[in-house]
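The working numbering numbers the first residue of the sequence shown as 3 and each following residue consecutively. This report refers to the structure that appears directly beneath it.
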Amino acid sequence: MMKLAVSSYSFSQAIRAGILTQEETVVKAKEMGFEGIEFTTLLPCENPTLEQQLEMAKRIRKKAEEIGITVTNYAIGASMYQETEEESAAEVARVKGQVQVAKELGCTTMRHDVCNKLGTKCPSFDLMLPTMVKNIREVADFAQELGIKTCSENHGFISQDSDRMERLFNAVNHPNYGLLADMGNFSCVDENHAVAVSRVAPYTVYVHAKDMILYSGNGQNPGAGCGMSRGGNWYRCTIIGQGSVPVKQCLRILKRAGYDGFVSIEFEGCEECFSGIEKGKANLERYLKEIELDF
3 MMKLAVSSYS
13 FSQAIRAGIL
23 TQEETVVKAK
33 EMGFEGIEFT
43 TLLPCENPTL
53 EQQLEMAKRI
63 RKKAEEIGIT
73 VTNYAIGASM
83 YQETEEESAA
93 EVARVKGQVQ
103 VAKELGCTTM
113 RHDVCNKLGT
123 KCPSFDLMLP
133 TMVKNIREVA
143 DFAQELGIKT
153 CSENHGFISQ
163 DSDRMERLFN
173 AVNHPNYGLL
183 ADMGNFSCVD
193 ENHAVAVSRV
203 APYTVYVHAK
213 DMILYSGNGQ
223 NPGAGCGMSR
233 GGNWYRCTII
243 GQGSVPVKQC
253 LRILKRAGYD
263 GFVSIEFEGC
273 EECFSGIEKG
283 KANLERYLKE
293 IELDF
């Protein structure tokens with residue numbers, strides 16, 4: 003049965019308000035009953051050095067081991083497409099440094115982004131693909147030596163569609179590389195969530211649970227907290243189970259594909275974060291119990 007984790011990013015409201023530090027989220031996650039916690043880019047200070055991040059990772063791992071919670075994944079921003087070989091080399095080196103942070107955290111997977119804008123020399127996803135593939139493979143090779151499996155998420159508009167992610171996975175064709183399926187992020191490119199998840203499920207090594215309320219782009223801007231999809235529709239992140247994403251159906255699809263790892267809540271709603279996470283967790287727990295009856 004899949005196990006529940008929470009992303010440290012879900013506590014962003016509390017971190018910005020000074021209620022929690024990023025390090026303290028590991029204790030809060032345990033108190034809330036999660037078996038695991040995922041961390042996004044470690045920020046011990048503004049513009050941290052790699053050495054500062056590595057030290058923070060060691061502290062987090064020690065605390066996680068003390069209280070009995072698993073650090074499940076490390077997620078960072080990255081751009082695997084760069085216009086020049088020099089820029090590619092610099093970005094690959096930076097991402098390799100973050101693989102070392104993942105190792106210090108004690109997790110076995112790391113998500114790095116692919117790209118979030120079209121290139122100038124290669125102004126389409128498929129034209130950018132050869133460069134991205136080369137850089138992703140180099141990172142995957144390095145991570146394999148450290149026992150970390152790398153993956154990329156449907157994230158960033160350009161690399162967000164399920165068919166593009168499938169093409170990327172097939173082009174990389176590396177045993178140490180997979181996909182992170184974020185069931186909510188398909189809203190940003192106006193995809194049917196269940197169909198999209200079914201396409202990437204066979205290659206999935208980590209899962210984000212996220213819900214969104216969707217609004218037609220033919221109407222008015224719903225206001226603060228809403229984003230616009232690539233197709234001009236509106237979306238707003240919310241508590242899992244209270245939006246338009248078929249979360250339970252997506253979980254069923256993943257289970258049928260053989261996924262039995264962690265499902266990490268990535269709460270980005272306008273609601274108060276502690277309450278939003280707790281309510282979403284309760285719904286996810288119920289969904290997981292219910293889909294067990296289907297198999």
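All C-beta atoms in this analysis are idealised placements derived from N, C-alpha and C, irrespective of residue type, glycine included. Fair warning: this is a prediction, and the values are worked out from it, not measured in the lab.
Cβ-based neighbour list, residue i, same chain, cut-off 6 Å, excluding 5 preceding and 5 following
{"i": "G79", "result": "D115"}
{"i": "Y205", "result": "F171, G180 and L181"}
Residue i - containing alpha helix (DSSP H), residue span
{"i": "K123", "result": "K123 -> no alpha helix (DSSP H), and no H or E assigned at all."}
{"i": "Y289", "result": "C275 to E294"}
{"i": "V265", "result": "Run containing V265: none in the alpha helix (DSSP H); it sits in the beta strand (DSSP E), F264 to I267."}
{"i": "M58", "result": "L52 to I69"}
Rounded separation between residue i and residue j - CA only
{"i": "S288", "j": "T152", "result": "For the sequence presented, residue 288 should be read as Arg rather than Ser. Rounded to the nearest angstrom, the two C-alpha atoms are 30 Å apart."}
{"i": "Q244", "j": "D213", "result": "7 Å"}
{"i": "T122", "j": "Y83", "result": "11 Å"}
{"i": "K32", "j": "L216", "result": "32 Å"}
{"i": "C109", "j": "E40", "result": "9 Å"}
{"i": "R232", "j": "V191", "result": "5 Å"}
{"i": "T27", "j": "Y237", "result": "27 Å"}
{"i": "R1", "j": "H195", "result": "This structure does not reach residue 1, given that the chain is present from 3 up to 297, and the question cannot be answered."}
{"i": "E292", "j": "N187", "result": "24 Å"}
{"i": "L22", "j": "A16", "result": "6 Å"}
{"i": "F276", "j": "E25", "result": "16 Å"}
{"i": "G221", "j": "P177", "result": "45 Å"}
{"i": "V97", "j": "E53", "result": "14 Å"}
{"i": "K281", "j": "M3", "result": "20 Å"}
{"i": "C252", "j": "Y11", "result": "22 Å"}
Residues near residue i by beta carbon distance below 7 Å, same chain, minus five either side
{"i": "A173", "result": "L131 and V135"}
{"i": "A104", "result": "Y76, M112 and I150"}
{"i": "L107", "result": "F41, A59, I62, R63, V73 and Y76"}
{"i": "I69", "result": "V29 and K32"}
{"i": "G278", "result": "I241, F269 and G271"}
{"i": "V249", "result": "M185, A211, D213, I242, G243 and Y289"}
Segment limits, beta strand (DSSP E) that includes residue i
{"i": "T152", "result": "K151 to E155"}
{"i": "K250", "result": "Run containing K250: none in the beta strand (DSSP E); it sits in the alpha helix (DSSP H), V249 to R258."}
{"i": "G99", "result": "Premise fails: G99 lies in the alpha helix (DSSP H), E87 to L107, not in any beta strand (DSSP E)."}
Contacting residues, own chain, Cβ-Cβ under 8 Å from residue i (five flanking each side not counted)
{"i": "V101", "result": "M112, V141, F144, A145, L148, I150 and T152"}
{"i": "P224", "result": "Y217, W236 and R238"}
Do the segment 191-201 and the segment 264-278 meet, that is, are 3 or more Cβ pairs less than 8 Å apart? In short, these stretches do not touch, since the Cβ pair count stays below three.
Whole alpha helix (DSSP H) elements within the segment 175-233, 4-residue minimum: At a cut-off of 4 residues, the continuous stretches assigned as alpha helix (DSSP H) that sit fully inside the segment 175-233 are 195-202.
Spell out a yes or no on whether the segment 45-64 and the segment 84-92 are touching, meaning 3 or more CB-CB pairs, one atom from each, closer than 8 Å. Contact between the segment 45-64 and the segment 84-92 is absent, because fewer than three Cβ pairs lie under 8 Å.
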